[in-house]
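Undergrad:
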Amino acid sequence: MTGAERWYRRAAEAGDSDAMAAVGQILQDRWDLAEAEEWYQRAADAGHTGAMVNLGVLLTMRGDVANAELWYQQAAEAGDTDAMLNLAGLQAEREDRVSAEHWLRLAAEAGETDALVSLGVLAQTDGDPAAARRWFQQAADAGNATGMFSLGVLAEELGDVTAAEQWYQRAADAGDHHALINLGSLRGQRGDSN
């Protein structure tokens with residue numbers, strides 16, 4: 000046990016919810032998931048929204064999706080955008096499109112650009128490329144590399160190779176490695192070795 004972990008444990012045992020969540024994270028990083036879950040549970044019970052999200056992740060990993068959803072819901076209602084994204088993901092898997100879109104919109108309104116991308120994916124799944132493009136564009140305009148990449152994919156699907164290449168390049172410049180692969184593929188198809 001490191002000195003920092005000892006300090007966090009002392010603070011956690013004294014009732015500090017931030018320290019409880021930190022101990023949970025330390026334990027999760029070591030893959031001591033059972034004890035991590037205990038500390039996240041204590042912090043979540045004390046109202047720590049980050050711990051609620053982490054607890055939800057651990058519960059999902061072990062297949063307890065119903066309880067994970069309850070924790071995500073509680074953290075989302077407290078304004079945690081990670082919880083909103085995770086909750087929307089569970090609801091989308093359950094094909095509860097209305098609830099998933101509700102939480103994604105709230106997360107997007109709170110500045111979570113990944114929610115914009117997810118809204119674009121939902122629109123694309125619904126066969127609405129115009130709406131998908133609008134959501135991806137908003138994400139890209141906010142600097143989200145996945146939004147840029149998604150615009151590239153959408154452009155390529157619609158046959159606009161020039162726009163696809165431009166979006167892949169922007170996404171690659173922003174650090175999206177998938178964009179590099181697609182960019183290389185497009186350039187390879189036209190015989191460009193650069």
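So for the sequence shown, numbering that gives the first Met the number 0 puts the first residue at 0; every next one is plus one. Every residue, glycine too, gets a C-beta built ideally from N, C-alpha and C. Quick caveat: nothing in here was measured; it's all calculated off a predicted structure.
Judging by CA-CA distance, which residue of Y39, L157 and A33 is the nearest neighbour of D15?
TA: The residue given as residue 15 occupies position 16 in the sequence shown. Among Y39, L157 and A33, the Cα nearest to that of D15 is on Y39.
Undergrad: In this structure, does DSSP put N143 in helix, strand or coil?
TA: What you label residue 143 is simply residue 144 of the sequence shown in a count that begins at 1. The answer is coil: DSSP assigns N143 none of H, G, I, E or B.
Undergrad: Once DSSP output is grouped into helix, strand and coil, what is the label at G61?
TA: The residue given as residue 61 occupies position 62 in the sequence shown. Looking at the sequence itself, residue 61 is Arg, so the reference to Gly does not match. In this structure, R61 counts as coil in the three-state DSSP scheme.
Undergrad: Taking just the CA atoms, how far does E34 sit from R41?
TA: Here residue 41 corresponds to residue number 42 of the sequence shown, with the count starting at 1. Here residue 34 corresponds to residue number 35 of the sequence shown, with the count starting at 1. Between R41 and E34, the C-alpha separation is close to 11 angstroms.
Undergrad: In whole angstroms, what separates the C-alpha of G174 from that of G151?
TA: Walking along the sequence shown from the start, residue 174 turns up at place 175. Walking along the sequence shown from the start, residue 151 turns up at place 152. Distance between the alpha carbons of G174 and G151 is about 14 angstroms.
Undergrad: Would you kindly report the start and end of the unbroken alpha helix (DSSP H) that includes W30?
TA: Here residue 30 is taken as the residue at index 31 of the sequence shown, counted from 1. Neither: W30 is in no alpha helix (DSSP H) and is coded neither H nor E.
Undergrad: What are the boundary residues of the alpha helix (DSSP H) that E111 is part of?
TA: As a working mapping, residue 111 is identified with position 112 in the sequence shown. Looking at the DSSP string, E111 is not in any alpha helix (DSSP H), and its letter there is neither H nor E.
Undergrad: On a CA-only basis, which of E12, V97 and D44 is nearest A74? Give me that one, please.
TA: Residue numbering aside, residue 74 sits at position 75 when the sequence shown is read from its first letter. When only C-alpha atoms are compared, the closest one is D44.
Undergrad: State the CB to CB distance for the pair L153 and R132, rounded to an integer number of angstroms; the pair is presumed to be in contact (CB under 8 angstroms).
TA: Counting from 1 along the sequence shown, the entry for residue 153 is found at position 154. Counting from 1 along the sequence shown, the entry for residue 132 is found at position 133. Contact flag correct, Cβ pair sits at about 6 angstroms.
Undergrad: Rounded to a whole number of angstroms, what is the C-alpha to C-alpha distance between L182 and Q24?
TA: Here residue 182 is taken as the residue at index 183 of the sequence shown, counted from 1. Here residue 24 is taken as the residue at index 25 of the sequence shown, counted from 1. Near 37 angstroms, if we compare the C-alpha coordinates of Q24 and L182.
Undergrad: Going by DSSP, what residue range makes up the alpha helix (DSSP H) through R169?
TA: On the sequence shown, position 170 is the one that residue 169 refers to. Note, R169: alpha helix (DSSP H), V160 to D172.
Undergrad: Using three-state DSSP, classify G183 as helix, strand or coil.
TA: The sequence position of residue 183 within the sequence shown is 184, counting from 1. Reduced to three states, the DSSP call for G183 is helix.
Undergrad: Using a Cβ-Cβ cutoff of less than 7 angstroms, which residues in the same chain neighbour L54 once the five nearest sequence positions on both sides are dropped?
TA: Along the sequence shown, read from residue 1 onward, the residue named residue 54 stands at position 55. So the list reads E36, Y39, Q40, A43 and W70, once near-sequence residues are dropped.
Undergrad: Does the distance from the C-beta atom of A171 to that of A163 stay below 7 angstroms?
TA: Locating residue 171 in the sequence shown gives position 172, where the first residue counts as 1. Locating residue 163 in the sequence shown gives position 164, where the first residue counts as 1. Contact flag unset, no.
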